[in-house]
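Note sheet for the following structure.
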Amino acid sequence: MASRLERVRCGILTATTVLALASGAWAQDIKIGIPVGLSGANSVVAPSVVQSAELAAEEINAKGGIMGKKVSLEVADDGSGAAGAQKAFDSLIFQKKVNVLISMETSAARNAGLPIVTRGKTPFIYTSFYEGRSCNRYLYVNAWVPDQQVAPIVDYFAKNNKAKTFFLIGSDYAFGRGMLQFTRGYIEKKGGKVLGEEYLPMDGSDWTAIIGKLKAAKPDALITSTAGGAPNVTLTKQLRAAGINIPYGNLAVDEGTAKSMGPDAEGIFISGSYFTNIDSPKNKEFLAAMQKKFGADLKTPNDLSVPQYEGVYLYKAAVEKAGSTDADKVITALSTVSFEGPRGNIQMNKQRHAPLTMYLGQVQKDGSIKILESFKNVDPGAQCPKIK
Amino acid sequence: MAQLLDIVTTAAILYAVAAGLLIVFGVMKIINFAHGGFLTIGGYSALIVTWLGWNPWWSLPFALAIGMVCGAIVERLVMRPLYARPLDAILATWGLGIVVGQLITLEFGREVQFVRSPISGAMSILGESYSQYRLMLVMLAVALALGMGLVLNGTALGLRTRAVIMNENLARGLGINSGLVRFATFSIGSGLAALAGALITPLSSVDPNMGVPWLVNAFMLVLVSGMSLVSLAASCLVLGGAQVLVSTYGNPVAGGLTIVVLSALLLRFRPQGFARE
């Protein structure tokens, strides 16, 4: 009996020692927190975002980490919304004590997380395209804002299709309305006319009346900005079923969704900072490395996952330049460093945002995207004029 | 003119979606909150037909069959032990709807799926170019209504079902096996829900939550129509029409609320809704 107790004691002792050693080793790491929507609206795209971050961490660790320290990832589900984000940010910052947050999230989740970021004084690199003008001392953004995305589509329609009148359709939420408000302003600035601007709630699936109005208005071109996933699909299907065949620009469709939509997606114009067939050595290298690491489990890299990969490298560059992981020093350094990634050279030096090369593409019959034009270093505009 | 077509086709879709719920409500006096789950099962049945490479028309009988089998299993395992406790039964159907959604997520993933449509494109009617599929839905909904009417009014099962709807205790006293009627009704109701799920795939996305947006409207329509197929058709036309008109002349966001708000008001001032008595 005694010996058994002894053995148990001994076991506990060993276990605690191992744990202590292990946690000691972890404390040396540079921890990157990734709050992301593994469940909810973003669940389709979140796995590709996590994969990008895993590749970046693996590559960095293989070459000696950041200043000799190993990079480790802490992924937390934010449920794609505000409530989940509060929990995720709270546990990442105050319990896991991450050095930085790098992630793609919904606007609702980002807005809910920002006060926690301020309280925890943790740098936050946001890697999702969004409606713009989110400003915080600890926030940097390396993805596009409407100022960068809308112009290529509107200009292309005006030039190549002689479009003068436009019709706008969106989902009723921050991103949908923000994008279309900007689009309306841009069209009117360029001398075009908006014949209608219509919204359906995010969970709405019946576009009948809006399509009726669209047909009655007879515009030259159509631009939509729905929530990703289901609303995008129902709208596109119902537009095609109704025989709408005017030039159709979709601000919210990604390459993967376009591919799986099949014939309904053919001909849709999309604009973004990343498509898989960008013809650059860096992109080919990245795609090959992703393919090698994930094989059959690879989620197609996209405009939301590639900025995540670049975000990790930008953080690495900033820490190396600052010579420390100290939040204030890193924040100062972040705007001065750049990284040559799959999307080109990225530097977040414009009021916490990045000038980006934007591409206008059209969905082909086989679901692939043909790049029609590229626009070098499109400026994000005045996003955060008051930020220091 | 286009609006008239919008109204008729919207009513047809609503009718197809609500019909299964109505007959279950009529016989069992409970609202089947798993109805959205069965719609989803129908959508995924259509997806399986697409994967197998069959003609998309097969998705309709296939979804009906899958829905009936699932409904039969659920009736036997979940509903039957709860017949004496209607409130618990309603909660059970609600939970069941969640379980169905999760099982589908586990098997097929969360992402939006794509189903081939039997017909696509637009045709010219009454001087308008209009979606062929929506027009076909009208014919299918009418066929469905006539079929259900024939079964209820022209067969022995229909006669017994009507007896159970009117007075279950009396029907049992007359030797009608009301358990069997309930079993048949729940299976058929589930089958009809799955059929509707397959029918809406060309207009809707196929994802684990595809049934949810339809559930509330179907629920309200059934509440205002009492237990009659005719009044269900009337309420689909009137309330669906109101939805189209509010969306067109007002605001589509408000349009989404029309059916729910009007039904609530109607029930406040005319508790029997569209039913005659």
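From first to last, the protein sequence lines are chains A and B. Sequence positions in the first sequence follow our numbering and run 13 to 400. Sequence positions in the second sequence follow our numbering and run 1413 to 1689. Idealized CB from N, CA, C, for every residue including glycine. None of the values given here were measured: they were computed from a predicted structure.
Buried or exposed by the 16-neighbour rule on C-beta atoms within 10 Å, applied to residue i
i          : result
ASP1418(B) : buried
GLY356(A)  : buried
VAL342(A)  : buried
MET1560(B) : buried
VAL1554(B) : exposed
LYS398(A)  : exposed
LEU1699(B) : In this structure chain B extends from 1413 to 1689, so residue 1699(B) is not present and cannot be described.
SER35(A)   : Interpretation of SER35(A) is limited by its pLDDT of 46, a score under 50 that renders its predicted location unreliable; no figure is taken from the coordinates.
ALA39(A)   : Its pLDDT being 47, under 50, ALA39(A) is placed unreliably by the model, and nothing is read from it.
ALA1676(B) : exposed
ARG1572(B) : buried
TYR211(A)  : buried
GLY188(A)  : buried
MET1491(B) : buried
PHE1681(B) : exposed
SER336(A)  : exposed
GLN250(A)  : buried
LEU33(A)   : Confidence in LEU33(A) is poor, its pLDDT being 47 and thus under 50, which makes the residue's placement too unreliable to answer from.
MET1480(B) : buried
SER140(A)  : buried
THR236(A)  : buried
ARG122(A)  : buried
MET1413(B) : exposed
LYS174(A)  : exposed
ASP266(A)  : buried
THR1505(B) : buried
LYS75(A)   : exposed
GLU1487(B) : buried
GLN1544(B) : buried
TYR1661(B) : exposed
Contact check, residue i vs residue j, beta carbons under 8 Å
i          : j          : result
GLY1601(B) : LEU1508(B) : no
PHE351(A)  : THR369(A)  : no
GLY379(A)  : LYS311(A)  : no
MET1632(B) : ILE1577(B) : no
ALA1610(B) : GLY1483(B) : no
SER183(A)  : PRO243(A)  : yes
ILE42(A)   : ASN111(A)  : yes
THR1421(B) : VAL1550(B) : yes
ASN314(A)  : VAL57(A)   : yes
PRO1625(B) : SER217(A)  : yes
ALA94(A)   : ALA124(A)  : yes
GLY1652(B) : ALA1423(B) : yes
TYR371(A)  : ILE358(A)  : no
LEU1426(B) : ASN1629(B) : yes
GLY203(A)  : PRO158(A)  : no
VAL1527(B) : LEU1464(B) : no
ALA69(A)   : VAL324(A)  : yes
ALA295(A)  : ILE381(A)  : Per the sequence shown, residue 295(A) should be read as Asn rather than Ala. Not in contact: ASN295(A) and ILE381(A) (Cβ atoms no closer than 8 Å).
SER279(A)  : VAL166(A)  : The question names Ser, yet the displayed sequence has Gly at residue 279(A). Not a contact, by the Cβ cut-off of 8 Å.
ILE1442(B) : PRO1498(B) : yes
Short CB-CB distance (under 8 Å) between residue i and chain C
i          : result
GLN1684(B) : No chain C is present in this structure, whose protein chains are A and B.
Inter-residue CB distance, residue i and residue j (contact presumed, cutoff 8 Å)
i          : j          : result
ALA155(A)  : ARG1546(B) : Not confirmed; about 38 Å, so no contact.
HIS1447(B) : ALA1575(B) : So it is not a contact: roughly 24 Å between Cβ atoms.
MET54(A)   : THR118(A)  : Note on residue identity: the sequence assigns Asn, not Met, to residue 54(A). That pair is a contact at about 6 Å.
SER64(A)   : VAL318(A)  : 7 Å
LEU1433(B) : VAL1634(B) : 5 Å
GLY255(A)  : SER1541(B) : 5 Å
GLN320(A)  : ILE114(A)  : 7 Å
Taking 8 Å as the cut-off, does the segment 220 to 238 of chain A touch the segment 1618 to 1630 of chain B (at least 3 CB pairs, one atom from each stretch)?
Note that the segment 1618 to 1630 of chain B does not touch the segment 220 to 238 of chain A; fewer than 3 beta-carbon pairs, one per stretch, sit closer than 8 Å.
For the structure I just gave you, are there three or more beta carbon pairs, one from the segment 160 to 172 of chain A and one from the segment 187 to 199 of chain A, closer than 8 Å?
These segments touch.
Scan the segment 1659 to 1680 of chain B for residues whose Cβ lies nearer than 7 Å to a Cβ of chain A and list them as they occur along the chain.
Taking 7 Å as the upper bound on Cβ-Cβ separation, chain A lies near residues SER1659, THR1660, PRO1664, VAL1665, GLY1667 and GLY1668 of the segment 1659 to 1680 of chain B.
Is the number of C-beta pairs between the segment 1648 to 1658 of chain B and the segment 1666 to 1674 of chain B that are closer than 8 Å three or more?
Yes: at least three Cβ pairs fall under 8 Å.
Along the segment 117 to 142 of chain A, where does the CB come closer than 7 Å to a CB of chain B? Name the residues.
Close to chain B, meaning a Cβ-Cβ distance shorter than 7 Å, is no residue of the segment 117 to 142 of chain A at all.
If you pair each beta-carbon of the segment 1467 to 1479 of chain B with each one of the segment 1569 to 1588 of chain B, do three or more pairs fall below 8 Å?
Touching, no, given that fewer than three Cβ pairs across the two stretches are closer than 8 Å.
Report yes or no: do the segment 1438 to 1447 of chain B and the segment 1593 to 1608 of chain B share at least 3 C-beta pairs separated by less than 8 Å?
Counting Cβ pairs under 8 Å, three or more are found: they touch.
Do the segment 200 to 212 of chain A and the segment 226 to 236 of chain A meet, that is, are 3 or more Cβ pairs less than 8 Å apart?
Cβ pair count under 8 Å is three or more, so yes.
Members of the segment 205 to 227 of chain A near chain B, C-beta cut-off 9 Å:
Against chain B - using a Cβ distance shorter than 9 Å - the residues of the segment 205 to 227 of chain A are GLU210, TYR211, LEU212, PRO213, ASP215, GLY216, SER217, ASP218, TRP219, THR220, ALA221, ILE222, ILE223, GLY224, LYS225 and LYS227.
Inter-stretch contact (C-beta, 8 Å, three-pair minimum) for the segment 126 to 138 of chain A and the segment 74 to 82 of chain A
In short, these stretches do not touch, since the Cβ pair count stays below three.
Looking at chain B, which residues of the segment 175 to 202 of chain A have a Cβ within less than 9 Å of any of its Cβ atoms?
If the cut-off is 9 Å between Cβ atoms, the segment 175 to 202 of chain A has ASP184 near chain B.
Contact residues within the segment 250 to 265 of chain A, judged by C-beta distance below 9 Å to chain B
Within the segment 250 to 265 of chain A, the qualifying residues are GLN250, ARG252, ALA253, ALA254, GLY255 and ILE256.
Interface residues of the segment 376 to 389 of chain A facing chain B [CB-CB below 7 Å]:
Those would be none; no residue qualifies.
What residues in the segment 1532 to 1563 of chain B bring their beta carbon closer than 8 Å to a beta carbon of chain A?
Residues are counted here when their Cβ sits less than 8 Å from a Cβ of chain A; for the segment 1532 to 1563 of chain B these are SER1532, GLY1533, ALA1534, SER1541, TYR1542, SER1543, GLN1544, TYR1545 and ARG1546, given in chain order.
Could you name the residues of the segment 1514 to 1527 of chain B whose beta carbon sits closer than 7 Å to any beta carbon of chain A, in the order they occur along the chain?
The residues in question are ARG1522, GLU1523, VAL1524 and PHE1526.
Counting only Cβ-Cβ distances shorter than 8 Å, please list the residues of the segment 85 to 103 of chain A near chain B, keeping chain order.
Here the close residues number zero.
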